[in-house]
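Take a look at the structure set out below.
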Amino acid sequence: MVAVTSRMPRTRAGQWLVLVGAAAAWVGLYVLNEQVWDWILYGVLGLDPDDRVTETVHFFLYDTVKITLLLTGIIFVVTVLRSYMSVERTRALLGGRRSGVGNVMAAGLGVVTPFCSCSAVPAFIGFVAAGIPVGITMSFLIASPMVNEIAIGMLLSLFGWQVTVVYIAAGLVIAIVAGLIIGRIGAERWVEPFVFETRLGGQLVDPAESLTFADRIQMGREEAQSILRRIWPYLIVGIGLGALIHGWVPTDFFTTYAGPGSTFGVLVAVGIGIPLYSNAAGILPMVQALYDKGLPMGTLLAFMMAVVALSLPEMILLRRVLKPPLLAVFAGVVGLGIVAIGYLFNSLLA
Amino acid sequence: MIIKVLGSGCANCKNLERVTREALDDLGLDASIEKVEDYGAIMSYGVMSTPGLVVDEKVVVSGRVPSVAQVRDLLVSAG
Numbered sequence: 001m002v003a004v005t006s007r008m009p010r011t012r013a014g015q016w017l018v019l020v021g022a023a024a025a026w027v028g029l030y031v032l033n034e035q036v037w038d039w040i041l042y043g044v045l046g047l048d049p050d051d052r053v054t055e056t057v058h059f060f061l062y063d064t065v066k067i068t069l070l071l072t073g074i075i076f077v078v079t080v081l082r083s084y085m086s087v088e089r090t091r092a093l094l095g096g097r098r099s100g101v102g103n104v105m106a107a108g109l110g111v112v113t114p115f116c117s118c119s120a121v122p123a124f125i126g127f128v129a130a131g132i133p134v135g136i137t138m139s140f141l142i143a144s145p146m147v148n149e150i151a152i153g154m155l156l157s158l159f160g161w162q163v164t165v166v167y168i169a170a171g172l173v174i175a176i177v178a179g180l181i182i183g184r185i186g187a188e189r190w191v192e193p194f195v196f197e198t199r200l201g202g203q204l205v206d207p208a209e210s211l212t213f214a215d216r217i218q219m220g221r222e223e224a225q226s227i228l229r230r231i232w233p234y235l236i237v238g239i240g241l242g243a244l245i246h247g248w249v250p251t252d253f254f255t256t257y258a259g260p261g262s263t264f265g266v267l268v269a270v271g272i273g274i275p276l277y278s279n280a281a282g283i284l285p286m287v288q289a290l291y292d293k294g295l296p297m298g299t300l301l302a303f304m305m306a307v308v309a310l311s312l313p314e315m316i317l318l319r320r321v322l323k324p325p326l327l328a329v330f331a332g333v334v335g336l337g338i339v340a341i342g343y344l345f346n347s348l349l350a
Numbered sequence: 351m352i353i354k355v356l357g358s359g360c361a362n363c364k365n366l367e368r369v370t371r372e373a374l375d376d377l378g379l380d381a382s383i384e385k386v387e388d389y390g391a392i393m394s395y396g397v398m399s400t401p402g403l404v405v406d407e408k409v410v411v412s413g414r415v416p417s418v419a420q421v422r423d424l425l426v427s428a429g
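Heads up: the protein sequence lines correspond to chains A and B, in order.
Okay, so the first sequence: first residue is 1 according to our numbering, each after it adds one.
Okay, so the second sequence: first residue is 351 according to our numbering, each after it adds one.
Here it is, written out as structure tokens:
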């Protein structure tokens, strides 16, 4: 496949030089971000740091730059790494696996395989046509949105690696257990019959093959641009809400009303989260602000997972291959799993 | 040249169609683009990751939206 873009150097050394240069620029911007805004708002404009409006505006500006940088960096790195994997390769790896091991592998692969939820239906059909059991396929389909690479990158930078590991482990466990349960209840009867009759024709095309290094970098750049272009309204709203919470909600507000001891905190969070559909990046700025105001980490993680894991658009798509009972089981098990994780971590971390 | 875009209406699929049209215009080629949205048909080409681009029954891109320049190169080498 002909591919080298006109702006990338042609030699490998040249390409690495460009990457290193870009990384250095990124680090510079990231580190200087807060100081620049401090200087502009407090130095040049002479505003009062303790004034609520100033604080909100400062947070908004600082966070917008920070999150844009984070997103760009994370999406770029993740896309390049993921370009080595594909749904086609995952399908080959999962063929013939038994339940149990297969679920664990499927969940793990779900996290690292590049997967657009619009491919959910062809991927599902393709897996089933390869003889992969429905339960294992569902583990893959659940893990993929639930353990979101953007969320991982941002949790890592906002809260550190412990919380990130918890998030990844929680998502994987839910995906594995849900897939196991679905596998046990004879879910095949709730799959639309045509799925079992569809044959994957011709030569299976693997998008991961025949990509040059320059191709991968190009994909990383394009993906970062495309995602940012698509979600910037959500980002602005999320950061805006985060800034308002940061400036106006009293500290420890949530500890009083939804603290670790609260009975319904997690349920409410998940209840609000499920109908909401947002990219992981859109809610993270809000998540940090909520945490700073006392919302417990378990409830927060549950909220985040609820928003991201179950989305109406994906459900509507999956309805083409899954009958309502299976969709209900899928949503129910994932929902319950998220609630359980929320309560578990609230009690562990309190 | 018979061109088909495989995909079921998500943003990426529409982008691929747009990029392909642009490439065709750039090359001054007059070919119609057929949208294939039926999953059975999509899979009969061996494509599991939409969107996909098929030129004269051969899959040239799958799983991503290439740039206009890349599609141009693909059309030239296929045509």
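Every residue gets a Cβ at the ideal spot worked out from N, C-alpha and C, and that includes glycine.
Beta bridge counterpart(s) of residue i as assigned by DSSP
i: Glu384 (chain B); result: B:Lys354
i: Leu70 (chain A); result: Paired residues: none, contrary to the question.
i: Asp402 (chain B); result: First, the amino acid is wrong: residue 402 (chain B) is Gly here, not Asp. For Gly402 (chain B), which the question treats as bridged, DSSP gives the partners B:Leu356 and B:Ser412.
i: Leu322 (chain A); result: A:Val191
Per-residue burial, residue i [other beta carbons within 10 Å of its own, 16 or more giving buried]
i: Trp39 (chain A); result: exposed
i: Val2 (chain A); result: With a pLDDT of only 39 at Val2 (chain A), under the threshold of 50, the placement of this residue in the model should not be trusted, and no figure is reported.
i: Ile217 (chain A); result: buried
i: Arg82 (chain A); result: buried
i: Glu209 (chain A); result: exposed
i: Pro275 (chain A); result: exposed
i: Gly110 (chain A); result: buried
i: Gly126 (chain A); result: buried
i: Gly359 (chain B); result: exposed
i: Trp37 (chain A); result: buried
i: Gln225 (chain A); result: exposed
i: Phe196 (chain A); result: exposed
i: Phe264 (chain A); result: exposed
i: Asp206 (chain A); result: buried
i: Thr370 (chain B); result: buried
i: Val397 (chain B); result: buried
i: Val44 (chain A); result: exposed
i: Lys354 (chain B); result: buried
i: Arg229 (chain A); result: exposed
i: Pro285 (chain A); result: buried
i: Pro349 (chain B); result: Residue 349 (chain B) is absent from the structure shown; chain B starts at 351 and stops at 429.
i: Gly135 (chain A); result: buried
Identity of the residue in the options nearest residue i by Cα
i: Phe115 (chain A); options: A:Val134, A:Met85 and A:Ala130; result: A:Met85
i: Val404 (chain B); options: B:Val418, B:Ala419 and B:Leu425; result: B:Leu425
i: Ile231 (chain A); options: A:Trp16, A:Leu290 and A:Thr72; result: A:Thr72
i: Arg363 (chain A); options: A:Ile75, A:Val31, A:Val53 and A:Arg12; result: This structure cannot speak to residue 363 (chain A), because chain A is shown only from 1 to 350.
i: Ser157 (chain A); options: A:Ala106, A:Val268 and A:Tyr30; result: A:Tyr30
i: Trp248 (chain A); options: A:Asp50, A:Thr212, A:Arg10 and A:Leu326; result: A:Asp50
i: Leu200 (chain A); options: A:Gly273, A:Val121, A:Phe264 and A:Val20; result: A:Val121
i: Pro133 (chain A); options: A:Arg189, A:Leu348 and A:Tyr62; result: A:Arg189
i: Leu336 (chain A); options: A:Ala302, A:Ala187 and A:Asn346; result: A:Ala302
i: Val270 (chain A); options: A:Ala340, A:Pro325, A:Pro250 and A:Val53; result: A:Ala340
i: Val77 (chain A); options: A:His58, A:Ile152 and A:Pro207; result: A:Ile152
i: Leu356 (chain B); options: B:Ala428, B:Arg422 and B:Gly390; result: B:Gly390
i: Arg355 (chain A); options: A:Phe124, A:Tyr42 and A:Ala24; result: Not covered by the structure: residue 355 (chain A). The range shown for chain A is 1 to 350.
i: Tyr343 (chain A); options: A:Ser311, A:Leu312, A:Val307 and A:Leu295; result: A:Leu295
i: Gln420 (chain B); options: A:Val287, A:Val191 and A:Leu211; result: A:Leu211
i: Ala130 (chain A); options: B:Pro401, B:Glu407, B:Met351 and B:Met393; result: B:Met393
i: Leu317 (chain A); options: A:Ser347, A:Phe254, A:Ser119 and A:Thr64; result: A:Ser119
i: Val166 (chain A); options: A:Leu300, A:Arg10 and A:Ala23; result: A:Leu300
i: Gln35 (chain A); options: A:Lys66, A:Arg52 and A:Ala175; result: A:Lys66
i: Ile236 (chain A); options: A:Val57, A:Thr64 and A:Ile272; result: A:Thr64
Near-chain B residues of the segment 217-233 of chain A - C-beta to any C-beta below 7 Å: Met219
Contact the segment 140-150 of chain A vs the segment 167-187 of chain A: 3+ CB pairs below 8 Å: yes
Positions along the segment 384-395 of chain B whose CB lies within less than 7 Å of some CB in chain A: Tyr389, Gly390, Ile392, Met393, Ser394 and Tyr395
Three-pair Cβ contact test at 8 Å for the segment 88-100 of chain A versus the segment 363-380 of chain B: no
Cβ contact (3+ pairs, closer than 8 Å) linking the segment 240-257 of chain A and the segment 98-112 of chain A: no
Contact list for the segment 24-35 of chain A against chain B, Cβ threshold 8 Å: none
Positions along the segment 59-93 of chain A whose CB lies within less than 8 Å of some CB in chain B: Ser86, Val87, Glu88 and Arg91
At least 3 beta-carbon pairs within less than 8 Å: the segment 171-185 of chain A vs the segment 318-334 of chain A: yes
Residues in the segment 120-153 of chain A having any Cβ partner in chain B nearer than 9 Å: Val121, Pro122, Ala123, Ile125, Gly126, Phe127 and Ala129
Members of the segment 188-204 of chain A that neighbour chain B once the beta carbon cut-off is set at 8 Å: Phe194, Thr198, Arg199, Leu200, Gly201, Gly202, Gln203 and Leu204
contact_flag[the segment 379-392 of chain B, the segment 406-424 of chain B] where n(CB pairs < 8 Å) is 3 or more: no
Near-chain A residues of the segment 400-415 of chain B - C-beta to any C-beta below 7 Å: Thr400, Val409, Ser412, Gly413 and Arg414
Members of the segment 317-344 of chain A that neighbour chain B once the beta carbon cut-off is set at 9 Å: Leu317, Arg320 and Val321
Residues, ordered as in the chain, of the segment 358-374 of chain B that lie near chain A by beta-carbon distance below 9 Å: Ser358, Gly359, Cys360, Ala361, Asn362, Cys363 and Asn365
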